[in-house]
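**Student:**
In the numbering used here, the protein residues as written are 113 to 350.
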């Protein structure tokens with residue numbers, strides 16, 4: 113497997129993503145953009161990119177803040193993420209430049225693209241989809257589902273899989289219901305899997321160490337949601 117840090121730009125901001133792919137495999141293959149949690153591009157997102165590469169995809173873990181910044185505390189992350197989410201246009205642009213970098217890679221089939229995202233990273237994927245990005249699919253894990261700019265009918269090209277915790281206080285049932293109604297009104301092929309006994313950040317083994325009661329790793333939900341993603345990709349890229 114080949115892994116490397118690659119740079120790309122959003123205006124005058126230098127972003128440093130993490131690329132993973134099987135360099136022994138020839139020909140173009142689907143490209144997957146991986147966007148991380150609010151703490152920034154860290155070990156969890158990089159590992160997910162490597163696991164996608166093992167499945168035969170070209171995976172780029174994107175940098176949400178610039179210079180590969182990784183924050184140390186949840187409090188810092190909330191402050192940074194909140195500032196970014198104040199302007200949906202800027203959020204979508206930050207996601208677009210990462211997707212454009214992925215598309216530019218010679219190994220990537222630009223007609224077969226997807227995004228997966230964790231927490232804030234899933235919101236990036238949903239906003240890209242709402243913006244009409246050329247994505248075949250989007251998969252979110254414990255992602256925020258609300259938006260300032262709901263999807264217009266016929267605008268979303270991607271099929272969408274949302275994996276969420278039934279006991280996630282940051283993504284309560286009314287947010288999930290509103291998202292489902294938004295997607296249905298927009299004519300989207302969508303599905304939501306809700307995992308019982310599961311809180312926020314259920315895919316991150318370090319979630320419990322934060323001391324935040326809203327966050328908790330859940331091994332079963334982590335494994336089940338990843339399997340659901342694999343099956344989803346087999347379907348959309350068939």
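Positions of the beta carbon are idealized from the N, C-alpha and C atoms, including for glycine. Quick caveat: nothing in here was measured; it's all calculated off a predicted structure.
Just verifying my parser: in three-state terms, what is the DSSP assignment at residue 132?
**Tutor:** As a position in the chain shown, residue 132 is number 20, starting the count at 1. Correct three-state label for residue 132: strand.
**Student:** Contact between the segment 206–216 and the segment 170–177: three or more CB pairs below 8 Å?
**Tutor:** A contact exists between the segment 206–216 and the segment 170–177.
**Student:** Three-state secondary structure (DSSP) at residue 175?
**Tutor:** In the chain shown, counting from the first residue as 1, residue 175 sits at position 63. Note: residue 175 maps to coil in three-state DSSP.
**Student:** Alpha carbon to alpha carbon, what distance is there between residue 284 and residue 342?
**Tutor:** Looking up residue 342 in the chain shown gives position 230. Looking up residue 284 in the chain shown gives position 172. Going from the Cα of residue 342 to the Cα of residue 284 covers about 26 Å.
**Student:** Here's the rule: buried if 16 or more other CB atoms are within 10 angstroms of the residue's CB, otherwise exposed. What is residue 149?
**Tutor:** Position 37 of the chain shown, counted from the first residue, corresponds to residue 149. Answer is buried; the Cβ neighbour count reaches 16.
**Student:** Tell me where the alpha helix (DSSP H) around residue 165 begins and ends.
**Tutor:** By 1-based counting over the chain shown, the position of residue 165 is 53. Bounds of the alpha helix (DSSP H) holding residue 165 are 155–166.
**Student:** Taking residue 333 and residue 256 to be in contact with their CB atoms under 8 Å, please state how far apart those CB atoms are, rounded to whole angstroms.
**Tutor:** Here residue 333 refers to the residue found at position 221 of the chain shown. Here residue 256 refers to the residue found at position 144 of the chain shown. That pair is no contact at about 17 Å.
**Student:** Can you find the residues in the same chain that come closer than 7 Å, C-beta to C-beta, to residue 152, ignoring five residues on each side of it along the sequence?
**Tutor:** On the chain shown, position 40 is the one that residue 152 refers to. Closer than 7 Å at the Cβ level, and outside the excluded window around residue 152, lie 176, 177, 181, 182 and 183.
**Student:** Going by DSSP in three states, residue 149 sits in which element: helix, strand or coil?
**Tutor:** Residue 149 sits at position 37 when you count from the first residue of the chain shown. Here residue 149 sits in coil by DSSP.
**Student:** Could you check what DSSP says for residue 290 in three-state terms: helix, strand or coil?
**Tutor:** Translated into the one-based positions of the chain shown, residue 290 becomes position 178. Note: residue 290 maps to helix in three-state DSSP.
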